[in-house]
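To convert, count from 1 in the sequence shown and add 1015; that's our numbering.
Beta carbons are placed, not taken as given, at the ideal position from N, Cα and C, and that holds for glycine.
These numbers come from a predicted model, not from an experiment.
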Amino acid sequence: MRSAQSYSGVALLLASLMCASSATAATVTLQANLDGLQMVPPNASPAFGLADATLNDVTGAFSITLGSYQDLLGGSFNVFLNDAAVGSNGPLIMTLTNDTPGATTGTFSGGGTLTLAQITDMTAGNTYLRVTSQVFPSGEIRGQLFTVPEPATVVLLGLGALGVLAAARIGQRKRLA
């Protein structure tokens, strides 16, 4: 017969998982690390970049909250958001604002509204950022946008895992006793 403690651990796990799976966030946080090796075809540019973005998965509002690039081989032209999976090129979604045009190190910002299909692609990891330059006019660096788990979701999943471990240890002690 199981103890009340075992059932409470399982109940904690189930409650945590239900809370985590029922949370429907309207705002999704995304991140991209940009480099030349992600370009299709890849290049050996020493440049790199980072972008943080948000997406409202209900309204389609997309915004770069932090965008930077460094060490381009040529002065920067444009920054684009494109629609395609890792390893393939895809159509342009929007042109973003290059805050430091012509610079080899700089920042970018901007955003716009996505369609339902583009929202679906973005949340599935099938969109990317691309920085073009004088040396690589079709793109010197690129980075796929991936969703970043919400801190609350991570905490709930961690609590659920702790609940499972506690239930397992309690069950193990009961079997040994």
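Status (buried if at least 16 other CB within 10 Å, exposed otherwise) for residue i
{"i": "L1191", "result": "exposed"}
{"i": "D1072", "result": "buried"}
{"i": "G1117", "result": "exposed"}
{"i": "T1147", "result": "buried"}
{"i": "A1132", "result": "exposed"}
{"i": "S1153", "result": "exposed"}
{"i": "S1091", "result": "buried"}
{"i": "L1107", "result": "exposed"}
{"i": "T1110", "result": "exposed"}
{"i": "T1142", "result": "buried"}
{"i": "R1145", "result": "buried"}
{"i": "L1052", "result": "exposed"}
Residue i - containing beta strand (DSSP E), residue span
{"i": "G1163", "result": "First, the amino acid is wrong: residue 1163 is Val here, not Gly. Unbroken beta strand (DSSP E) run through V1163: F1161 to V1163."}
Residues near residue i by beta carbon distance below 7 Å, same chain, minus five either side
{"i": "L1041", "result": "The residue asked about is misnamed: residue 1041 is Ala in this sequence, not Leu. Closer than 7 Å at Cβ, skipping near neighbours: N1071, D1072 and V1073."}
{"i": "V1163", "result": "T1044, L1045 and Q1046"}
{"i": "P1096", "result": "Going by the sequence as given, residue 1096 is Leu instead of Pro. Cβ within range, chain order: I1108, M1109, L1111, T1142 and L1144."}
{"i": "G1105", "result": "N1097, D1098 and A1099"}
{"i": "P1057", "result": "G1051"}
{"i": "G1125", "result": "I1079, L1111 and T1112"}
Residues of its chain near residue i, where Cβ-Cβ distance is below 8 Å and the 5 sequence neighbours each way are ignored
{"i": "F1063", "result": "N1048, L1049, D1050, Y1084, Q1085, D1086 and I1156"}
{"i": "G1102", "result": "V1055"}
{"i": "T1128", "result": "T1074, G1075, A1076 and F1077"}
{"i": "R1188", "result": "none"}
Cβ shell of residue i (< 6 Å), same chain only, five flanking positions each side left out
{"i": "A1038", "result": "Residue placement at A1038 is poorly supported in this model, since its pLDDT is 48, which falls under 50; the coordinates still yield a value, given next. Counting only Cβ-Cβ distances below 6 Å, and skipping sequence neighbours, we find nothing."}
{"i": "D1067", "result": "Q1046, T1080 and L1081"}
{"i": "Q1149", "result": "G1089 and G1090"}
{"i": "V1094", "result": "L1111, N1113, F1123 and V1146"}
{"i": "S1060", "result": "G1051, L1088 and E1155"}
beta-carbon residue i near the ligand NAD non-hydrogen atom, thresh 7 Å
{"i": "D1136", "result": "No copy of the ligand NAD occurs in the structure displayed, which carries no ligand at all."}
Cβ of residue i within 8 Å of any chain C Cβ
{"i": "R1190", "result": "In the structure shown, chain C cannot be found, because there is only a single protein chain."}
Complete beta strand (DSSP E) runs within the region 1109-1159 (minimum length 3 residues, chain order): 1121-1128, 1142-1148 and 1156-1159
Ranges of the beta strand (DSSP E) found wholly within the region 1038-1092, counting only runs of at least 3: 1042-1050, 1063-1071 and 1076-1085
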